[in-house]
Structures are given as structure tokens and as C-alpha cells.
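In the working numbering, the protein residues as written are 114 to 534. What follows is one structure encoded as C-alpha cells, with my remarks underneath.
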Ligand SMILES: [Zn+2]
């Protein structure tokens, strides 16, 4: 079974023309759900799927699925699905999402060309609004496909201008029928760009994700007393920002400690500070901070959360500020299917392509799909780890290698005898 590297490249480059933006360096695109660029990208995908005989369906929230039922397959058997998304962040790159969709399609075409005989149907999928840049917070289409969110609830979500997802999909002709149900799938594979440098550092073209990181978001408020920066003596102040600064450094130190002692993949970030009144001549009266904590081990996430809380207690006692703390978002780490991971490594071995285990620090649709069926996530290298940026880059050779591993793993899960060829 051979991947046609040029065909895959042509698809990704053609897709990159939709929503293309002018940039000084690299190649960028803006493809938000329900826009004309999104319509064009979706129409191209449907056309490519139909070109090779896939039966295309669009569900009520715009998830696109193209099904290949080979003659060798039992049409009623649970299919093996693979894909990703075609939407992007504003001024995003050309690989994040489309690589996974078009590599899955290329995998099907490679099986067709090689006369591989799967005993299960294969489905190529593009989920709606993965990036969450116009509606909701992301992973929207997959949240509906796993039953976590209802079709009605998703369709009613409005963008900042008050336009609903339903209206926006209707406008571009992609408000379909029914609900794509990931629970019907035998297995799910997603190939994605790594967005980190683990593969690049090891010079390995394909990563097999062991666990998708858990994510916790904490919010803290520190209240001191706003006062005149000139007339308030140093010993009469309750400076909320000075207190917050200690907390920022404590979160960093706690994450570093956890990396040393518990789990080297842990990260902790104070990513946002809102200072009020935020005036040069006023002692800061209040600070709101947002903390992002992630790891593949839930226990080490808890350790950093606890360290954040005790840091807040310390500045209360030492500096006389008042603090409050909440944890509005908490998602535990998602381990990937061991049997599918093994299939991916085997596919690499058979094709003479090196693979390695790694973890994912970013969230993906596969997190949702893993709740309802066996799921695996493969990575292709990202140059310098850059993504969500026109400078995002994956070498075409690496795209082809990753697609080849994806194809081998999909074929094995679909019951095709590829090793014997
Ligand atoms: Zn993505």
C-alpha cells in the first residue's frame, strides 16, 4: 500500500486557498465556521470524497462524513473512522486540521489503489467548529457526535453578532440531517500536527499519543486597597498587584517542583491578569488572575492547584489582601486506546517509518471520541513547534509518512490483511 504524497500535498495546498490571507512569512488562512471560506473548504472536501466513491452525509450540526463500503466489507459492520477538522483560528496555518482530514481521505484512496480488502467500512470525517473561534469554546461538532451536547443546544449557540450556528450553517448549505454518532464506530484515528517539538528533537516523523493532557482553569481574585501612589506611604499600602506577583511566581515554582518530583510533563501558567484601576499613579486595588494547569497525570494537576490555593492563603496572611478562588473548568487526562496505539506502531514498522510515543499538551476532538469508542491520536512534526500561526509548517515528506502510518493502522483496524502483501 502506497501513499500518493503529491496527491495529499495538492489537496492540502488547494484547501489552503480557502480563506487565504496575505502574510510576509509562511502561509496563512482564516476559516471560521459558517463563513464563505468555510463553505468553500467544505465543498472541496465533499467533491474530493465523491470523486473516489464515498457516500457523503452532513449531519444537523454540519459534521461531514464520507463512507467507503468496499466490496470485501460487511456493510453492517461497525466502521473505522478517521479525520479531523477544516476550520481554523483567525490567521492560522494550513496544516492544523486539514492534514488529518486529507490524510484520512488519502488513506482510503491508498487502500483502494492497492486493492486492500477491509472487512469493515471506512469513514472520513470533518468535525464542525473544532477551534471554537466563532461559536462555543471548541470541539463543538465532536461534542455532539459523542452525545455530550444535544443537536438543539449546539444549533442555538450564537456568535458575538447574535447569529446562531444553525443560521450560519443554513447560509452555507451545510445544515444537514440527523446526528453523526461516534458511538457507532469500531475505532477512531486522528492525525494532527504536534504543535510541540518532541518529534523534531528526536527526528522521528510520526508520534503516537499515549495520553491527551488534562486541563484545569482556575480563577483567583485578590483585593487590596486602591490609593494614591504618591501620598500613600509604603507601610500604609495593601497592594493587590504586589500580592498577585507573589502568587504568579509561586504557581511557576509549584509547576517546576512537580516537574522535578512527580511528572515531567506538568505545566502551570498564570496566563491572564486584570489589574484595576490599572493606572500608573494608583496603588493597585484589585487583580483578577487566570491560571491554566495541565498534565497527563491528574494527581500532579491537583498538586499545582493546591499550591495555588496555599499561595493565596499566604498573601492573605502576610499582606492583608482578601482573596477568592474558583475552578470553573476541569477536564481529566484522556488515555488513548492501547490496541490502536499498537496498530499504529506496527503500521510504522511494516512501512519502515519510525514512530515514537509522546503525549499531547493540546485538546483535540479525539478527547471526546475516546469517551465512546477506541480512539487514537497520531502526530506529525511541527517545525519549531509553531501552530495557530501562518508560520506553522510540516514537511511534505513527514505529511506522507504520517499518512502512511495512519493508512496502515486504519487498514488493520478495518480487518484488512496488509502485513501479508
Ligand atoms: Zn486542530
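Glycine included, each C-beta is placed from N, C-alpha and C at the ideal position.
One Cα belongs to residue 250, the other to residue 244, and the distance between them is close to 7 angstroms. Distances from the alpha-carbon of residue 474 to those of 444, 452, 204 and 366 put 444 closest.
Sequence-distant Cβ neighbours of residue 510 in its own chain, meaning closer than 8 angstroms and more than five residues away, are 118 and 318. Straight across, the Cα-Cα distance linking residue 356 with residue 314 is about 39 angstroms. Distances taken from the Cβ of residue 210 to the heavy atoms of ligand 1 include one shorter than 7 angstroms.
Cβ-Cβ separation between residue 295 and residue 485: approximately 5 angstroms, consistent with a contact (criterion under 8 angstroms).
Straight through space, the alpha carbons of residue 195 and residue 470 are spaced by roughly 19 angstroms. Within the DSSP bridge table, the entry for residue 319 names 468 as partners.
With a cut-off of 8 angstroms on Cβ pairs, the stretch 169-179 is not in contact with the stretch 222-231, counting fewer than three such pairs. The DSSP-derived three-state label of residue 254 is helix. If you draw a 10 Å sphere on the C-beta of residue 394, you find fewer than 16 other C-beta atoms in it, and that means exposed. Under DSSP, residue 141 shares a beta bridge with 134. The alpha-carbon separation between residue 235 and residue 297 amounts to approximately 12 angstroms. Checking the 7 angstroms criterion, the Cβ of residue 243 is within range of a heavy atom belonging to ligand 1.
Burial of residue 210 is indicated by the presence of at least 16 other C-beta atoms within 10 angstroms of its C-beta. Counting only residues of its own chain and dropping the five nearest sequence neighbours on each side, residue 178 has a CB closer than 6 angstroms to the CB of 170, 236, 238 and 293. Looking only at 120, 431, 274 and 258, the smallest Cα-Cα distance to residue 217 is reached by 120. Contact check for residue 497 against residue 378 fails: the beta carbons are separated by 8 angstroms or more. Between the C-alpha atoms of residue 366 and residue 198 there is a straight-line separation of about 37 angstroms. Distance between residue 364 and residue 304, taken at the CA atoms: about 33 angstroms. Here the C-alpha atom of residue 529 lies approximately 28 angstroms from the C-alpha atom of residue 447.
Taking the Cα of residue 403 as reference, the smallest distance to any Cα among 439, 270, 326 and 213 is reached at 439.
Your pair residue 340 and residue 241 does not check out as a contact, with CB atoms roughly 50 angstroms apart and the cut at 8 angstroms. Assigned with DSSP and collapsed to three states, residue 381 falls in strand. For residue 405, the enclosing beta strand (DSSP E) has its first and last residue at 399-408. If you check the CB distance, residue 489 and residue 459 do not come in under 8 angstroms. The C-beta distance from residue 405 to residue 421 rounds to 11 angstroms, too long to meet the 8 angstroms contact threshold.
Within the same chain, 180, 233, 234, 235, 236, 298 and 299 come within 7 angstroms of residue 192 by CB-CB distance, once the 5 residues on both sides are set aside.
Bridge partners of residue 194 according to DSSP: 236 and 301.
Collapsing the DSSP output to three states places residue 371 in a helix. The beta carbon of residue 508 lies closer than 8 angstroms to those of 494 and 496 in the same chain, with the five residues before and after it left out.
With respect to residue 326, residue 442 sits apart: the two C-beta atoms are not nearer than 8 angstroms.
Ligand 1 has no heavy atom closer than 7 angstroms to the beta-carbon of residue 472. Boundaries of the alpha helix (DSSP H) harbouring residue 479: 478-482, taken from the DSSP string.
In the DSSP assignment, residue 328 falls within the beta strand (DSSP E) that extends over 327-336.
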